[in-house]
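Chains as they are written, first to last, in this note's numbering: chain H, 518 to 793; chain R, 9 to 494.
Glycine included, each C-beta is placed from N, C-alpha and C at the ideal position.
Computed from a predicted structure; not experimentally measured.
Input: a single structure, listed below in structure tokens.
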Amino acid sequence: MKVKICLGGAVVALLISVGVLAPVITPYDPNQQDLLAALQAPDYFAGKFFLGTDHVGRDILSRIIYGARISLVIASTVVLVSGIVGVGFGAISGYFGGRTDFAIQKAVEVVWAFPPLLLAIAILAFMGQGLGILIIALVAQRWIPYCRVARGQTLSLRARDFVTAARSLGASHGRIIGRHILPNLLQAAIVIGTFAMASAIISEASLSFLGLGVPPEIPTWGSMLADGREHISTSWWLALFPGLCIFMTVLGINLLGDGLRDILDPRLKRASSGVT
Amino acid sequence: MGATASAETRLTLGITSNLSTVNPYGDSASHLYGLWGEVYGNLCRYSFEKGGYVGHLAEKWEVKDENTWIFHLKKGMKFHNGTELTAKDVVHSFFRMSKDPESSQKQNSSRKIKSVEAVDDYTVRMISHKPTSSLLSYICGLWAISSKDVYDKYGAKEADKNHPYGAGPYRLKEFVIGNRLVLEKAEGSPFLRPGSPDIVIVRKMTESEQRVTALLNGEIQIAQFIPPHLLTRIEKSKSARLVPTSSVEIMFLAMNPAMKPWDNQKVRQAVCHAINREGIVKALLKGQAQLLQGPIGPGQYAYNPDHKPVYDYNPEKAKKLLAEAGYPDGVEVDLYTPVARYVNDKQITQAMVPMLGAVGIKTKLHTPEWVTQWANVRKGKVPFFYQGRGSVIDPGPALSQYFETGVSPRINFSSAEYDKLMQAERAAFDEQKRIATLRQAMSVLTEEAPACFMWTHTLQYGVANKVDYQPRPDGRPYMSEATMKN
């Protein structure tokens, strides 16, 4: 468990550091082109371009570093917004029950019926390309898992003594949800969030690969992979390095998520210690 | 079928463009004109060997007066269902191009013609709205001739889909929209050559890596448009070779003057000065293109070898023009490009973005799907886009279609002087006068700059060694011209 958290945490810490320090540590502007230096192979020691250059002579290392920043911004925003929306609706749904619960859960079922990537493609096709639109497209379905889990837990929490006590003391619904329900939903939300982060990175890369993500001038790992695909037999470095970054990042975040779930999910904890 | 199954020869062609509709009048793209020409047959075609138009279903033609053209059809030309092709089928085909709302994309080919009449079974009279000396450019290789009887019996959709009987060398066996088209040799067709493949499969393969790998694996026998960075893979192959052709497709950056800032001529000229075309041809096209100094280049009709370059790569001049246009602090624009429709299209426009940015034209690049891009271009909704216009042997029709007032909304350019010259070139039946007028019109166009004319590509085809095939500069894939070696 600790190994998972350490490894996953290290990857996430590296991603955050690289993203934050991107302007300081990149050797070149990620969009700076040198047509005469196009498709230069990686030269790890003596060369001008550590990981080589792409088809229009842009430094791949600089683009990967900036790509980390984009992945981080998109993934964390998607997780945060999805979490707020999903946990909020889930808590309201579970707490009030009745018609409110019915309406929210029907909406959940409708949205859940769409394959996530297809829904995102439809939104982007309709609204056009852009960072904000991409985030909306990714949030569109990612709030659902938060909502379902939060509702289930709220149904259980609202019958607990501390909630009854707060209600009998005259606390408002808002106060009960805000002060007594939501803090108890946080642990589950964190676990869901780590997995949602990995899936958001993959979805962003997939959409950028399809040319539907952020505009082409913004370097992302997915768009780098798409550009590299056209040169895969002759200039392998264009696709390999962004592909490796996506792989390592998703693996790292998933490891962290696994580790956190082991710690925070009591049922799993009991199962692992032989208690059922 | 004449050939036995074991001896059946099969040729698969990997193309980059879309197979959009089974309606032979429903899309205007070079490859589709060629493929429908092979199924339905054309009245006439351009022969690059002879340097002029030659008859296909028509035996010959004559110009009666400036508005009247007479076409004499070959006798005994049969549709694939066995009925004879006659003048009424030509009249019917004109009707489908000019009146059928689903054929609107091909109306450019028929818009110069007022009426088409059957004089007798083998004679067709065409009357043009106005004298049009270049009328053959609007007809040859473009008009597919389909059966009136089949249309009357089944209606357009059913006839196109399930009874696509033409008089060309191949019958349509299967058409899967957006994927593939299968043709089967029409035994006995006079247009077939000894060794023409029995079965032709045309597959949409937009990824160049995919086309090259399929060619080297023997999955396909002809791969269109090999980009420069993949040439070595085929050069090293023992089973395939490169066959180049100098394309007559003109590549340009169009700027729609109906939208700001493209209403200002100086901004358009600034764009033409801002782009380092030599650099792009050298680095991204590896020399596989010829720069254009006007709308057309060497080998195209009315090309003027004495025409001096107007737009050199001059960022300082571009900045100055931009300031004079009222944008001293720069301007933001949106550039649209198709992806994998033309050789290195996305890469080329990516390279243009910082060049434009360096002179103050801050450019946001958009890469929509070709279907979306093409639909929007045709409606005149795209402000600034990278585009090719194929089949420019005689530039008259193409330059009219894209730049003459009211002909198509694609660029929305309008110039009274240019319109007058284009009308005059069409009315000129004296060749020297026509060439001189066309050159004048092209000079006006270059100066007004509704588009920056970039280059024509040297298109490289990958061809399996067991196939003899010389691709045409106009991009028509006439597969009956390919022959299989045993």
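| Asked | Found |
| --- | --- |
| Under the assumption that H:T711 contacts H:L773 (Cβ atoms under 8 Å), give the Cβ distance between them as a whole number of angstroms. | 6 Å |
| Going along chain H in order, which residues have a C-beta closer than 9 Å to the C-beta of R:G287? | L552, L553 |
| Are the CB atoms of R:L81 and R:Y130 nearer to each other than 7 Å? | yes |
| If we cut at 7 Å on Cβ distances, does H:I749 have a partner in chain R? | yes |
| Along chain H, in chain order, which residues have C-beta atoms closer than 7 Å to that of R:T375? | G728, P733 |
| Would you give the residue range spanned by the beta strand (DSSP E) that R:L81 belongs to? | 76-81 |
| Does the distance from the CB of R:A167 to the CB of R:G49 come in under 7 Å? | no |
| Span of the alpha helix (DSSP H) holding H:A682? | 678-685 |
| Which residue marks the beginning of the beta strand (DSSP E) containing R:Q298, and which one marks its end? | 297-299 |
| Using a Cβ-Cβ distance cut-off of 7 Å, determine whether R:Q232 contacts chain H. | no |
| Hey, quick one: how far does the alpha helix (DSSP H) through H:F566 stretch, first residue to last? | Segment: none, H:F566 is in no alpha helix (DSSP H) and carries neither H nor E. |
| What first and last residue would you give for the beta strand (DSSP E) that runs through R:H39? | Counting along the chain, R:H39 falls outside any beta strand (DSSP E), though it belongs to the alpha helix (DSSP H) covering 38-48. |
| Hey, out of R:K165, R:S38, R:Y33, R:G470, whose CA is closest to R:P485's CA? | R:S38 |
| For a contact meaning CB atoms closer than 7 Å, what does R:P362 contact in chain H? | N548, Q550 |
| Which stretch, first to last residue, makes up the beta strand (DSSP E) that contains R:W69? | 66-73 |
| Alpha carbons only, please: which of R:S25, R:Q355, R:L19 is nearest the one belonging to R:K212? | R:S25 |
| Counting pairs of beta carbons, one from the region 642-655 of chain H and one from the region 669-677 of chain H, are three or more of them closer than 8 Å? | no |
| Could you check whether the Cβ of R:H237 sits closer than 7 Å to any Cβ belonging to chain H? | yes |
| Tell me where the alpha helix (DSSP H) around H:L699 begins and ends. | 699-726 |
| Let me see if you follow: with CB-CB separation under 7 Å, is R:A282 close to chain H or not? | no |
| To the nearest angstrom, how far is it from the Cα of R:A366 to the Cα of R:Y426? | 32 Å |
| Using beta carbons (cut-off 7 Å, strictly below), is H:H690 in contact with chain R? | no |
| Report the three-state DSSP secondary structure of R:V3 (helix, strand or coil). | Residue 3 of chain R lies beyond the stretch modelled for chain R, which goes from 9 to 494, so this question has no answer here. |
| Looking at the structure shown, is R:W151 part of a helix, part of a strand, or coil, going by DSSP? | coil |
| So, are the CB atoms of R:W378 and R:P417 less than 7 Å apart? | no |
| Please work out which residues of its chain come closer than 7 Å, Cβ to Cβ, to R:K181, disregarding the five sequence neighbours upstream and downstream, and give them in chain order. | V190, L191, E192 |
| Quick one: residues in its chain with C-beta nearer than 7 Å to the C-beta of R:N384, no 5 flanking neighbours on either side, listed in chain order? | V390 |
| Taking the continuous alpha helix (DSSP H) assigned at R:S136, which residues delimit it? | Per DSSP, R:S136 belongs to no alpha helix (DSSP H); it is in the beta strand (DSSP E), 131-136. |
| Within its chain, find whatever has a CB closer than 6 Å to the CB of R:A13; leave out the 5 residues flanking it on each side and keep chain order. | Bear in mind that the predicted position of R:A13 carries a pLDDT of just 49, short of 50, making it unreliable; the figure below should be weighed with that in mind. Within the same chain, R:A13 has no close Cβ partners at all. |
| As an exercise, report each continuous alpha helix (DSSP H) stretch of at least 4 residues that is fully enclosed by the region 349-433 of chain R, in chain order. | 353-366, 378-386, 403-411 |
| Determine the chain H residues that contact R:K372 at a beta-carbon separation under 8 Å, and present them in chain order. | P732, E734 |
| Need the endpoints of the alpha helix (DSSP H) that H:M644 sits in, please. | 633-644 |
| Just by C-beta distance, which residues in the region 199-221 of chain R are closer than 9 Å to chain H? | E215, S216, E217, V220, T221 |
| Would you grab the beta carbon distance between R:A278 and R:L329 for me? Rounded to a whole angstrom, and I think it's under 8 Å. | 4 Å |
| R:Y41 and R:C495 - do their beta-carbons sit closer together than 7 Å? | Since the first residue shown for chain R is 9 and the last is 494, residue 495 of chain R is missing from the structure and cannot be characterised. |
| Taking the runs of the alpha helix (DSSP H) that are 4 residues or longer, which of them lie wholly in the region 255-320 of chain R? | 273-282, 285-291 |
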